[in-house]
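Note that the sequence shown covers residues 484 to 613 in my numbering. Notes for the one structure printed next.
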Amino acid sequence: MTDQALVDLAFSMLERSYVPYSRFPVGAALLCPDGAAFTGCNVENAAYGSCICAERTALVKAVSEGRRQFAALAVAGRGGDYCWPCGACRQMLYEFAPDLTVLVARGDGAYVKTTLRELLPHGFGPASLK
Ligand code: THU
Numbered sequence: 484m485t486d487q488a489l490v491d492l493a494f495s496m497l498e499r500s501y502v503p504y505s506r507f508p509v510g511a512a513l514l515c516p517d518g519a520a521f522t523g524c525n526v527e528n529a530a531y532g533s534c535i536c537a538e539r540t541a542l543v544k545a546v547s548e549g550r551r552q553f554a555a556l557a558v559a560g561r562g563g564d565y566c567w568p569c570g571a572c573r574q575m576l577y578e579f580a581p582d583l584t585v586l587v588a589r590g591d592g593a594y595v596k597t598t599l600r601e602l603l604p605h606g607f608g609p610a611s612l613k
């Protein structure tokens with residue numbers, strides 16, 4: 484799958500977002516090495532602390548389907564700034580894919596390509612527990 488196709492998939496999830504509180508939809512698409520892709524959107528809750536981000540929705544969908552290896556993530560929002568993954572999402576992704584490629588899009592469709600290692604330098608992962 485091309486970078487653009489993965490970004491398009493993330494954008495396609497915006498309409499699924501459940502965001503009555505923030506009104507800030509986010510979409511995500513997580514690509515596996517074999518080409519399979521898992522999508523996610525943010526799902527909010529009246530108990531605000533129980534909200535889940537789009538990236539973690541995609542990740543837990545994938546892991547719960549038996550996937551543990553990931554090649555790339557796209558995340559998209561409608562804002563004027565790039566929709567950078569939050570710290571909790573960076574940490575959860577680092578557990579499975581410290582070398583993940585990350586595509587971060589903004590509302591006009593522009594996106595930047597970076598890496599999880601750049602977004603989360605010196606991350607704490609499974610090896611850190613040894
Ligand atoms: N959000 C995400 O879905 N991903 C992020 O990485 C940043 C924030 C969501 C959470 C909440 O529903 C809304 O954006 C506003 O914070």
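Note that the Cβ used here is the ideal one computed from N, Cα and C, for glycine as well.
Within this structure, are the beta carbons of residue i and residue j separated by less than 8 angstroms?
i: A541; j: T584; result: no
i: Y504; j: Y531; result: yes
i: R550; j: C524; result: no
i: C566; j: R589; result: yes
i: V587; j: T597; result: yes
i: S533; j: G510; result: no
i: L602; j: P568; result: yes
For residue i, which option in the options has the closest C-alpha, if you only look at C-alpha atoms?
i: R600; options: C524, L576, R551; result: L576
i: N536; options: L497, D517, A520, Y594; result: Asn is not the amino acid found at residue 536; the sequence shown has Cys there. Here the closest residue by C-alpha is L497.
i: D486; options: A512, A529, P508; result: A512
i: V558; options: F521, A529, V546, E548; result: F521
i: D591; options: L612, G563, A493; result: G563
i: L489; options: Y594, V526, L602, E548; result: Y594
DSSP has residue i in a bridge; who is on the other side?
i: F521; result: L513
i: V526; result: Y501, I535
Quick check: the Cα distance between residue i and residue j, rounded to an integer number of angstroms?
i: F579; j: Q552; result: 6 angstroms
i: G518; j: E538; result: 18 angstroms
i: Q574; j: K544; result: 16 angstroms
i: V546; j: P609; result: 16 angstroms
i: C506; j: G560; result: First, the residue type needs correcting, since residue 506 is Arg and not Cys in the sequence shown. For R506 and G560, the distance between alpha carbons rounds to 11 angstroms.
i: V526; j: A493; result: 15 angstroms
i: L612; j: H605; result: 14 angstroms
i: F607; j: M484; result: 29 angstroms
With a threshold of 8 angstroms between beta carbons, is residue i in contact with chain B?
i: G570; result: Included in the structure is just one protein chain, with no chain B present.
In chain order, each alpha helix (DSSP H) run of at least 4 residues that lies wholly inside the stretch 570-609 | For the stretch 570-609, the continuous alpha helix (DSSP H) assignments of 4+ residues that do not extend past its boundaries occur at 570-579, 599-602, in sequence order.
Mind listing, in chain order, the continuous alpha helix (DSSP H) runs of no fewer than 4 residues lying wholly within the stretch 528-570?
-> As summarised for the stretch 528-570, the continuous alpha helix (DSSP H) elements at least 4 residues long and confined to that stretch are 537-547, given in chain order.
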